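**Q** Mapping of the sequence shown onto our numbering: residues 3 to 465, in sequence order.
Idealized CB from N, CA, C, for every residue including glycine.
These figures come from a predicted structure and were not determined experimentally.
My structure is below; once you've seen it, I'll send some questions.
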Amino acid sequence: MALLDNGSDTRALTQQRFERMTLVGSDDLPQVDTSGLPDGPDWPPFLQTVALLRFRHWFHPHLHRTYGDIYTVKLLPKGRPLVFFTRPEHAKEIFAGDPDVFHAGKGNAILGPVMGEHSLLLQDGDEHKRARKLLMPAFNGHALRTYQEMVTAIARDEVTHWPGGRTIRSHDRMNVLTLEVILRVVFGVTDERRLAALRPRVSATVNVHPAVLLVWGVPALHRVGPWRRALVNQIELDELMYAEIRERRTAPDLAERTDVLSRLIREGQDTGDVLSDIELRDQLVTLLLAGHETTATALAWALYELGRDPELMGRTQAAAGDAEGDAWLDAVLKESLRLHPVIPMVVRTLMKPQRIAGIDVPRGATVGPSILIAHSREDNYDDPQRFDPERFLGHNPPANTWIPFGGGVRRCIGAGFAMMEGVAVLREVFRAVDVATVGTDEPRVRNITSVPRYGARIRVSHR
3 MALLDNGSDT RALTQQRFER MTLVGSDDLP QVDTSGLPDG PDWPPFLQTV
53 ALLRFRHWFH PHLHRTYGDI YTVKLLPKGR PLVFFTRPEH AKEIFAGDPD
103 VFHAGKGNAI LGPVMGEHSL LLQDGDEHKR ARKLLMPAFN GHALRTYQEM
153 VTAIARDEVT HWPGGRTIRS HDRMNVLTLE VILRVVFGVT DERRLAALRP
203 RVSATVNVHP AVLLVWGVPA LHRVGPWRRA LVNQIELDEL MYAEIRERRT
253 APDLAERTDV LSRLIREGQD TGDVLSDIEL RDQLVTLLLA GHETTATALA
303 WALYELGRDP ELMGRTQAAA GDAEGDAWLD AVLKESLRLH PVIPMVVRTL
353 MKPQRIAGID VPRGATVGPS ILIAHSREDN YDDPQRFDPE RFLGHNPPAN
403 TWIPFGGGVR RCIGAGFAMM EGVAVLREVF RAVDVATVGT DEPRVRNITS
453 VPRYGARIRV SHR
């Protein structure tokens, strides 16, 4: 196991990671023959990449209307194909595919410079199996129950500080709340001085511009403009995180601590297979990026939608005050994730040729369901543009029609945490306030996620 001592050069580690982790993520794959693949736009790969990253809410529906249920886009680098499948039976085939053939890590390579090569989202094969095995105990049912009390306390404190009678951007407030949850419940940081140092650096990591994401695998750019600022921010964040990891390993109360970092440090000690400092750093950043803004966005959209419908809000307030009301709050959160997907797609890169939905797809191509289309198909959901939590009350939707956390063996490890957190937050919000939506809103792209363009504005009245 490679531990870092106090003299380690964190700056060098971060710079090496940025130079090593590139957008390509698939140099070992051959050039792909696209001649037999489904139709798609004939634009240059650069334009298709920009459209997919920046204008997804127009691009996905346009492709579906134009080319049908299966279509191909060609992306940087070198016009490598991404084949989208939009029917639930297609998603089932992909999620059930052999994980040694259907690799997820290469499809997430754009996040490599920040997440690091040990990230659960970037690993495949035996490395992924080992990391998931070590992380799973920190997200099982027993662990989630120990986190819930702290999440509830953080949410209750946040809502008491909302100004009554004034318009607020609920997305901003939910970002503040879920960041506290990540720092306190996941990282296990409680010292206010350390929290104050971490908050702006974590926020800068989450708020990176898509243009930076697109080409930050080019080392020459690390010396200029927003790419240099992204690198400097990562160096500063890494220094704080490595210091926290080193100190936590020797904490006298490590065995009693219940935060995720402490659990991950203890995991594997009996067998000697433990996570190194670098592995811990990569997994913590992965949990940060995957679990911070995604949950905040789902909650903000939920407040926005409930604030537009007094009847639904009244029902939610009644559920928040009822010991048996969690089923409705869970349904509200699920409907928010359906109607306003935070992540647009799930992707896998093929290590061998595969036949999917009757189509022969060559090795090296990337395939995946479009979450945006799956959640908005009329044959999956009646009146799909309507916010209706009843869809999820007392039953699950048909298989592979609701896929915000992906599916199969690569389903998001933090899905249970996100749902627990979301229900706890909704409960505290609607026990305390009335919500009225201000204006209208629409999604826009921020880094790899979709967020409310105008912040999901609401006006609250304390009860």
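Could you give the first and the last residue of the continuous beta strand (DSSP E) run that contains aspartate 436?
**A** Locating residue 436 in the sequence shown gives position 434, counting from the first residue. Counting along the chain, the beta strand (DSSP E) containing aspartate 436 begins and ends at 435-439.
**Q** Rank Arg433, Val462, Val453 by C-alpha distance to the C-alpha of alanine 322 and give the top, closest one.
**A** Within the sequence shown, the letter at position 320 stands for residue 322. Checked all of Arg433, Val462, Val453; the closest Cα to alanine 322 is Arg433.
**Q** Can you list, in chain order, the stretches of the alpha helix (DSSP H) that have 4 or more residues and sit fully within the segment 104-166?
**A** Runs found: 114-117, 127-137, 143-162.
**Q** Which residues bound the beta strand (DSSP E) around glycine 370?
**A** Working through the sequence shown from its first residue, we reach residue 370 at position 368. Residues 368-371.
**Q** Using a Cβ-Cβ cutoff of less than 6 angstroms, which residues in the same chain neighbour arginine 412 once the five nearest sequence positions on both sides are dropped?
**A** As a first step, residue 412 is located in the sequence shown; it is residue number 410 there, counting from the start. Only Ala106 meet the Cβ criterion.
**Q** Name the residue from Asp362, Val344, Phe394, Arg158 whose alpha carbon lies nearest to the alpha carbon of valine 334.
**A** Mapped onto the sequence shown, residue 334 falls at position 332. Of the candidates Asp362, Val344, Phe394, Arg158, the one whose C-alpha sits nearest the C-alpha of valine 334 is Phe394.
**Q** For the alpha helix (DSSP H) containing tyrosine 69, list its first residue and its last residue.
**A** The residue labelled residue 69 in the question sits at position 67 within the sequence shown. Note, tyrosine 69: alpha helix (DSSP H), 58-69.
**Q** For the candidate residues Ile375, Leu200, Gln125, Ala367, whose alpha-carbon lies nearest to that of glycine 38?
**A** In the sequence shown, the residue the question calls residue 38 occupies position 36. Among Ile375, Leu200, Gln125, Ala367, the Cα nearest to that of glycine 38 belongs to Ala367.
**Q** So is methionine 117 buried or exposed if we call it buried at 16+ other beta carbons inside 10 Å?
**A** Within the sequence shown, the letter at position 115 stands for residue 117. Buried, because 16 or more other Cβ atoms sit within 10 Å of the Cβ of methionine 117.
**Q** Three-state secondary structure (DSSP) at glutamine 50?
**A** Residue 50 sits at position 48 when you count from the first residue of the sequence shown. Residue state, collapsed to three classes: helix.
**Q** Cβ-heavy atom distance between proline 202 and the ligand ZN below 6 angstroms?
**A** The ligand ZN is absent from the structure shown, which contains no ligand whatsoever.
**Q** Please report the straight-line C-alpha distance between proline 47 and isoleucine 96, rounded to a whole angstrom.
**A** Along the sequence shown, one-based indexing puts residue 47 at 45. Along the sequence shown, one-based indexing puts residue 96 at 94. Rounded to whole angstroms, proline 47 to isoleucine 96 spans 24 angstroms at the Cα level.
**Q** For leucine 5, does the three-state DSSP call read helix, strand or coil?
**A** By one-based count along the sequence shown, residue 5 stands at place 3. For leucine 5, the pLDDT reaches just 48, beneath the cut-off of 50, and the residue's location in the model is therefore unreliable, although a value from the coordinates is still provided. Three-state DSSP puts leucine 5 in coil, outside helix and strand.
**Q** Taking all protein chains shown into account, do 16 or more other C-beta atoms lie within 10 angstroms of the C-beta of glycine 396, making it buried, or fewer, making it exposed?
**A** Position 394 of the sequence shown, counted from the start, is the residue given in the question as residue 396. So glycine 396 ends up on the exposed side.
**Q** I'd like the list of long-range same chain contacts for arginine 248, defined as Cβ closer than 6 angstroms, with 5 residues on each side in sequence excluded.
**A** Taking the first residue of the sequence shown as 1, we reach residue 248 at position 246. Same-chain partners within the cutoff: there are none.
**Q** Per DSSP, arginine 446 is paired with what?
**A** Taking the first residue of the sequence shown as 1, we reach residue 446 at position 444. For arginine 446, which the question treats as bridged, DSSP gives the partners Val453.
**Q** Under a three-way DSSP split, which group does methionine 422 fall into?
**A** In the sequence shown, residue 422 corresponds to position 420, counting from 1. Three-state DSSP puts methionine 422 in a helix.
**Q** Within the same chain, show all residues whose beta-carbon is closer than 6 angstroms to that of threonine 36, passing over the 5 residues directly before and after it, in chain order.
**A** On the sequence shown, residue 36 is found 34 positions in, with the first residue counted as 1. Only Pro83 meet the Cβ criterion.
**Q** Taking aspartate 11 as the reference, which of Glu269, Asp381, Ala245, Asp324 has the closest Cα?
**A** The residue given as residue 11 occupies position 9 in the sequence shown. Among Glu269, Asp381, Ala245, Asp324, the Cα nearest to that of aspartate 11 belongs to Ala245.
**Q** I need the DSSP call for phenylalanine 467, collapsed to helix, strand or coil.
**A** Residue 467 lies beyond the range of the chain shown here (3 to 465); nothing can be said about it.
**Q** Give me the DSSP bridge partner(s) of aspartate 362.
**A** As a position in the sequence shown, residue 362 is number 360, starting the count at 1. Answer is Arg357.
**Q** Going by the beta-carbon positions, is the gap between threonine 88 and serine 372 smaller than 7 angstroms?
**A** Position 86 of the sequence shown holds residue 88. Position 370 of the sequence shown holds residue 372. In contact: threonine 88 and serine 372 (Cβ atoms closer than 7 angstroms).
**Q** Using the Cβ count rule (16 or more neighbours within 10 Å means buried), how would you classify valine 226?
**A** Looking up residue 226 in the sequence shown gives position 224. Exposed, because fewer than 16 other Cβ atoms sit within 10 Å of the Cβ of valine 226.
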